[in-house]
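Everything on this sheet refers to the single structure shown next.
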Amino acid sequence: MKSFLSYYFFQFTLLCIAFTVVSCSKNDENTHENLGDVITVLTSNFITTVVENPEEGQLLGTVSANTNQGSITFSITEQSPAGAIAINSTSGELTVADPTLFDFETNTSVTGTVAVTNGTVSENASITITIKDFNEDNIFEGGITLETQLDIDNFGANNYTHVTGNLFIGSLNQSTMFNNLRPLSSIKHIGNQLNIYDNDGLTSLTGLENIETAGTINIMLNDVLTDISALSNITELTLSLQLYGNPVLANLNGLNNITSVSYLSITDNDSLVNLDDLHISNITESFEIDENDLLTDINGLSGISSINGELSIFNNNSLSNIDGLSNLSTLTDNLFIEMNNNLTDLCGLQNLLTNGGLSGDYTVVNNAYNPTEQDIIDGNCSI
């Protein structure tokens, strides 16, 4: 009897243990199920840099986010400046909404907040977009020679704004025949020389209107060039200005904003009548006006008060007076006035000579009238 009771007690104990294990297992399952009902959303802040003036719709990047169940949506809750960016509600992709607000001179950054949402659960991501200034200078390092129209077209296609060396348009070896400089219209600054040389097809310099500074301008041996007005935006030459052998160039319109040069040479321009378009007031080295057959006066030089070098006026067959030098008070080197067949009036030198402003030699020979220094000082300066 005792054995029988022990057997049933043992069976009952096993049954209780099994029930307890099953009950605990179900409780664990319920716990996991409850934990699974908690929605979590994770996101991170968005930081990027963009060059100013992007295109509308340009992709800026994607706001990173995820959730443990279901799906998430993205929305911009605030941004400054307003309306600058947009976001795809499904993917989180940020794009440019208004390109005009990505102007470095106006806004250096775009900031905002994006809400990442799953049902009633939401997390915020901050947005910081730094706007980078666009370097508008497109610099060509060194010098370049453009000998053909194709050379000009190809070089112009690069839209360079600066040439640090020489820009040589033409050829030293043979005449060239191009006629269109418009592809070079992006150029603003030339570090050394602008050379326009030996061309038989160029009638104007249209295309060079945006050049503001250069070291030297050399316009030489251009047989049909009549118009240099495209150079009117040049306000600074650090070195020299030379015009030589341009037979049909009748005026210097286009050089009127240049006030200072180191060396000035106007030579062998057969159709040049006057220098009225020059407003130069300072010449730091030498100056020569030679062999301009139709040049009748040099009144355009009336602003010059000093020349730190030589002055040569040679073989200008129509020149009758040099009144344009009446304000010249200092010439630190030699004065040469020679072989000007119609020159009868040298009274423009009175200020220079009366005040002892000539430091070098006085050479006035083979003109229609050749007064001495003393003649001019005494008032016998013309016939």
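Here the sequence shown stands for residues -23 to -1, 1 to 360, numbered as in mature numbering (1 follows the signal peptide of the UniProt record, and there is no 0).
All C-beta atoms in this analysis are idealised placements derived from N, C-alpha and C, irrespective of residue type, glycine included.
Between residue 227 and residue 203 a beta carbon distance of about 7 Å is seen, short of the 8 Å cut, so the two are scored as contacting. With contacts defined by Cβ atoms closer than 9 Å, residue 285 and residue 310 form a contacting pair. Between the alpha carbons of residue 322 and residue 255 lies a gap of roughly 22 Å. If you draw a straight line from the Cα of residue 198 to the Cα of residue 268, it comes to about 14 Å. In this structure, the beta-carbon distance from residue 63 to residue 102 does not fall below 9 Å.
The residues 16, 18, in chain order, have a CB closer than 6 Å to that of residue 98 in the same chain once the five nearest residues on each side in sequence are set aside. When the alpha-carbon of residue 75 is set against those of 178, 30, 49, the nearest one is in 30. When the alpha-carbon of residue 44 is set against those of 274, 257, 94, the nearest one is in 94. In the DSSP annotation of this structure, residue 39 is not part of any alpha helix (DSSP H); the continuous beta strand (DSSP E) holding it starts and ends at 36 to 39. Per the C-alpha coordinates, the member of 282, 28, 290 positioned closest to residue 328 is 282.
Contact between the stretch 114 to 124 and the stretch 45 to 56 is absent: fewer than three C-beta pairs spanning the two stretches fall below 8 Å. The beta carbon of residue 117 sits closer than 6 Å to those of 137, 140, all from its chain and outside the five residues before and after it, given in chain order. Exclusion of the five residues before and after residue 222 leaves 197, 198, 245 as the residues of its chain whose Cβ lies within less than 6 Å of its Cβ.
Between the C-alpha atoms of residue 332 and residue 359 there is a straight-line separation of about 19 Å. According to the DSSP assignment, residue 29 belongs to no beta strand (DSSP E), since it is labelled neither H nor E. Between residue 34 and residue 73, the beta carbon gap of about 6 Å places them in contact (Cβ cut-off 8 Å). Of 205, 104, 52, 224, the smallest CA-CA separation from residue 88 is found for 104.
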